[in-house]
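Shown next, in structure tokens, is the structure this report addresses.
Set out below in structure tokens:
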């Protein structure tokens, strides 16, 4: 009963704090740590021990696997140089810097034990980086590098910790350490790859979404346990399996399975991620009491905690800026968008988390000063979360590095959706035999084009007196679905049909409504953004030789704010496009009469530019490319 009560209290606490943080915009990890520390001081609150077995074997595999679901294997390969530097070389560098600093502050403690503490505090936390970075709107490039670093550095740190603890009882040579590291990494990659292949083959044959999601819950442990049994890194094996499965999932899973897996993993990750930060705070009194009985003075313990925290932060700054200098000296190796501002963000965003606190428990119990080392690890976790986490918003604002651009994302999504819709329509043309009912063909074409039009309608000036067709359709259909649901619920209350029939009828309504909710979100973007593809967006010969928005305006003047052909026909238009060959301005494909496309059909003029204020993106009718 006590365990059940504790689990319920923990879950309620996590949900309450997370809801409050969402409501007031507070950083959830920081608040959970503080709430946990304060709760631990309340009389009657049970003592929680965050043992290494629970975290490293129980919580870490699913947390890492969940993190890989939002990581692109393509980006991972593209960022391989900074990722290896941050997740491997920086871990070793931090281990050495913190180890030597601790040895100087705690004379009499074995250097190997001090190096073990360095390995413990070396890896930033994937959860903290994601939770805080995404909330702040960090530049996508920086957020991606932080997430990719955090996926691999846990494995590097645990290997370094195992080496340091082994050095307490065995003399190790650099060659032996290097060979063991290579063997551990290669073995983990092999195990993770084999598990991914087996899972891909198995899941290709699973059509039941519930069974498929259950298999996905087993996936991190299917990689972790064999790797650990083989003496290689289970953490790295989980990351390899997760990255591979995320990459191949569109080919081996059904759409229903992917949706179910995503929703279930988001729930699991939410509970685990937030619970571990609350548990970190609950460790505070236990660690403080242990350090008080260590025999060291309070001043010495405080000096060690502050010194380890300072050395951890300083080591990251020194390494990141040294790497930045190296990249600028060797431009061929320089990652994209690695500027001094990016270096500062990468340096300041190195918050530590649950892995640090759990790994500290692996330091042997007979090491002199172990309680002080554990408290120093805790102080580093809390210190980086509070000092760096609380000041990171200010750093982001002062640097003024642009974060993810919703306008650019919307433009890219519209172009991609158009290409996908075009592929679907071409496939439909290949499948048609001429015997299909015409109304069925019209319905198929209409559904495919509607998705593409909805994304394009999100672009353009805000329409104050006109609702775009997709949003209007969505709003009206939602009202219709509400009426349909009311009939199903009434039938359920009257017992007019079997429960299975009622569940299926309600599910049909819910699935369609969830899709319409997505369309309802596609509202016009803010009017103060300049919308044009980033450099390198010219995707075909027609766009490369055509003029741009400014030159078109110089030739034919400012485009009209209306479609003259729609005015003459008495119809409404949605957005406007200007031909880059003759200056004709007509309405877009979401408009009823599609005068811009009709102009292309009549004249074969290949390229247009958006005539909407603040937009400069161009489109090639011939190649269906954005420029």
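Numbering (my numbering), first residue to last: -16 to 610.
Every residue gets a Cβ at the ideal spot worked out from N, C-alpha and C, and that includes glycine.
Small disclaimer: the values here were computed from a predicted structure and weren't measured.
Backbone secondary structure at residue i - three-state DSSP
| i | result |
| --- | --- |
| residue 591 | strand |
| residue 342 | helix |
| residue 163 | helix |
| residue 122 | coil |
| residue 575 | coil |
| residue -4 | helix |
| residue 391 | helix |
| residue 158 | helix |
| residue 335 | coil |
| residue 285 | helix |
| residue 279 | coil |
| residue 455 | helix |
| residue 44 | helix |
| residue 216 | coil |
| residue 248 | helix |
| residue 5 | helix |
| residue 326 | helix |
| residue 347 | coil |
| residue -14 | helix |
| residue 371 | helix |
| residue 27 | coil |
| residue 539 | helix |
| residue 33 | coil |
| residue 12 | helix |
| residue 506 | The predicted position of residue 506 is uncertain, since its pLDDT is 47 and thus under 50; no value can be drawn from it. |
| residue 108 | coil |
| residue 546 | coil |
| residue 57 | helix |
| residue 92 | coil |
| residue 385 | coil |
| residue -9 | helix |
| residue 520 | Annotation note: pLDDT 49 at residue 520 (below 50); position unreliable, coordinate value reported separately. Of the three classes helix, strand and coil, the one that applies to residue 520 here is coil, per DSSP. |
| residue 471 | helix |
Bridge partners - residue i, DSSP secondary structure assignment
| i | result |
| --- | --- |
| residue 234 | Paired residues: none, contrary to the question. |
| residue 609 | 602 |
| residue 569 | 560 |
Option nearest residue i by Cα separation, candidates the options
| i | options | result |
| --- | --- | --- |
| residue 260 | 361, 216, 248 | 361 |
| residue 46 | 163, 198, 218 | 218 |
| residue 252 | 233, 292, 203 | 203 |
| residue 246 | 544, 193, 125 | 193 |
| residue 291 | 605, 335, 239 | 335 |
| residue 596 | 539, 442, 525, 42 | 442 |
| residue 397 | 417, 438, 403, 410 | 438 |
| residue 618 | 165, 236, 168, 287 | Beyond the ends of the chain as shown, which are -16 and 610, falls residue 618; an answer cannot be given. |
| residue 73 | 37, 34, 56, 133 | 133 |
| residue 267 | 15, 181, 492, 158 | 15 |
| residue 129 | 91, 147, 67 | 67 |
| residue 601 | 578, 559, 164, 575 | 559 |
| residue 461 | 451, 496, 428, 452 | 496 |
| residue 577 | 381, 548, 351 | 548 |
| residue -15 | 530, 557, 452, 30 | 30 |
| residue 371 | 328, 312, 454 | 328 |
| residue 160 | 188, 173, 143, 171 | 143 |
| residue 357 | 339, 367, 369 | 339 |
| residue 147 | 456, 347, 410 | 347 |
| residue 525 | 566, 385, 609 | 609 |
Rounded Cβ spacing between residue i and residue j (contact assumed at less than 8 Å)
| i | j | result |
| --- | --- | --- |
| residue 434 | residue 400 | 6 Å |
| residue 231 | residue 175 | Rounded, the Cβ-Cβ distance is 13 Å, inconsistent with contact. |
| residue 248 | residue 52 | 6 Å |
| residue 528 | residue 121 | At roughly 38 Å, the Cβ-Cβ gap does not stay under 8 Å, so residue 528 and residue 121 are not in contact. |
| residue 149 | residue 105 | That belief does not hold up - the Cβ atoms of residue 149 and residue 105 are roughly 17 Å apart, past 8 Å. |
| residue 270 | residue 35 | About 14 Å separates the two Cβ atoms, so there is no contact after all. |
| residue 532 | residue 592 | 5 Å |
| residue 179 | residue 138 | The Cβ separation is near 16 Å, so there is no contact. |
| residue 168 | residue 216 | 7 Å |
Interface flag, residue i vs chain D, CB-CB below 9 Å
| i | result |
| --- | --- |
| residue 542 | Reference to chain D is not applicable here, since this structure consists of a single protein chain. |
Residue i Cβ short of 8 Å to the ligand SAH heavy atom set
| i | result |
| --- | --- |
| residue 584 | In the structure on display, the ligand SAH does not appear, and there are no ligands present to speak of. |
- Message: Going residue by residue through the segment 411 to 445, where are the continuous alpha helix (DSSP H) segments of at least 4 residues, counting only ones entirely within it?
- Response: 421 to 440
- Query: If you scan the segment 176 to 210 from start to end, which runs of the beta strand (DSSP E) of 3 or more residues do you find wholly inside it?
  - Reply: none
- Task: Only counting runs of 4 or more residues, tell me where the alpha helix (DSSP H) segments fall wholly within the segment 63 to 90, in order along the chain.
- Result: 63 to 67, 73 to 88
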